[in-house]
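Structure first, then comments.
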Amino acid sequence: MPSIDPIENWQVSHLAAMTPEALLELFGELQPPEPGELVGEYAGVDYLGRTEASFAAALGRVLGGGGWFWLGKAFPGTEGDGASGYNRVVNDDREVARRDRYGIAFGDSPFDGKPSLLLKYSDFDNAAGSIGFLDEVRKVNDRLFLCTGRADEGKGEVGFFFLVGPATPFVGVDDPNSELLVGSPA
């Protein structure tokens with residue numbers, strides 16, 4: 356992971372140029388964000404990798420979205436105790452939707468056992484929750500976060516994405532009563 360630039364100055368391009376193995380190594384060295392640090396809507400960037408197979412996988416995620424394209428994630432500034440965030444997506448009509456909710460809590464990574472900010476989709480009734488999708492967030496610097504996403508509550512094959520600030524204000528999910536599991540409060 357040698358870079359001339361100190362990590363405090365890294366941008367998406369620094370991470371995008373890395374191999375998956377180097378990203379995993381870096382992920383293991385990073386800490387989660389501080390409690391309350393992530394507030395607002397962050398831009399999201401999918402890691403496309405450096406091979407034809409990784410590009411094909413990224414294209415598959417876009418095509419699998421049924422015309423929806425991922426823009427990023429949002430955080431209310433709290434974790435645990437029912438805190439939840441959402442994804443921002445845009446459809447073919449260029450309308451932005453705030454949906455695909457996840458619970459937010461600090462916990463130990465199923466990957467390396469180290470502290471992570473965990474985004475747990477199975478807290479909600481959505482497609483990602485139905486496969487036990489779990490994202491983990493670790494801080495690169497004040498504007499950049501390296502994230503992993505895995506099915507099976509974090510035990511599946513790893514994918515990477517990056518969150519980039521500064522964030523825009525937290526708006527809230529389009530329909531607060533959507534995606535609730537049976538018996539869950541709004």
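Going by our numbering, the first residue of the sequence shown is number 356, and it counts up by one from there. Just so you know, even glycine gets a beta-carbon here, dropped at the ideal spot from N, CA and C. Just so it is clear, the structure is predicted and the values come from calculations on it, not from any experiment.
Counting along the chain, Phe382 sits inside no beta strand (DSSP E); it lies in the alpha helix (DSSP H) bounded by residues 375-384. In the structure shown, Asn532 falls within a coil segment according to DSSP collapsed to helix, strand and coil.
In the DSSP assignment, Ser368 falls within the unbroken alpha helix (DSSP H) covering 367-371. Contact annotation: Phe515 and Cys502 have beta-carbon atoms nearer than 8 Å. Taking C-beta atoms as the reference points, Pro388 and Val492 count as a pair closer than 8 Å.
In this chain, the alpha helix (DSSP H) harbouring Ala483 covers 482-485.
Judged by their CB atoms, Tyr402 and Ala522 are not nearer to each other than the 8 Å cut-off. In this structure, Asp490 lies away from Leu536, with their beta-carbon atoms at least 8 Å apart.
Taking Val519 as reference, the option from Ala506, Glu508, Arg498 with the minimal CA-CA separation is Arg498. Around Ala438, the same chain offers Pro431, Gly458, Ile459, Ala460 as residues with beta carbons nearer than 8 Å, after the five sequence neighbours per side are excluded. Excluding residues up to 5 positions away in sequence, Pro470, Ser471, Leu473 lie with their Cβ nearer than 8 Å to the Cβ of Gly462 in the same chain. For Tyr457, the enclosing beta strand (DSSP E) begins and ends at 451-463. For Gly440, the enclosing beta strand (DSSP E) begins and ends at 439-445.
With a 10 Å radius around the Cβ and a threshold of 16 neighbouring Cβ atoms, Val526 comes out exposed. In the structure shown, Glu508 adopts helical secondary structure according to DSSP, grouped into three states. Distance from the Cα of Thr374 is smallest, within the candidate group Phe410, Leu426, Arg454, for Phe410. Excluding its 5 nearest sequence neighbours in each direction, Gly427 has C-beta neighbours in its own chain below 7 Å: Glu396, Tyr397, Ala398, Gly399, Arg443, Leu518, listed in chain order. Note on geometry: alpha-carbon atoms of Asp467 and Ile486 lie some 21 Å from one another.
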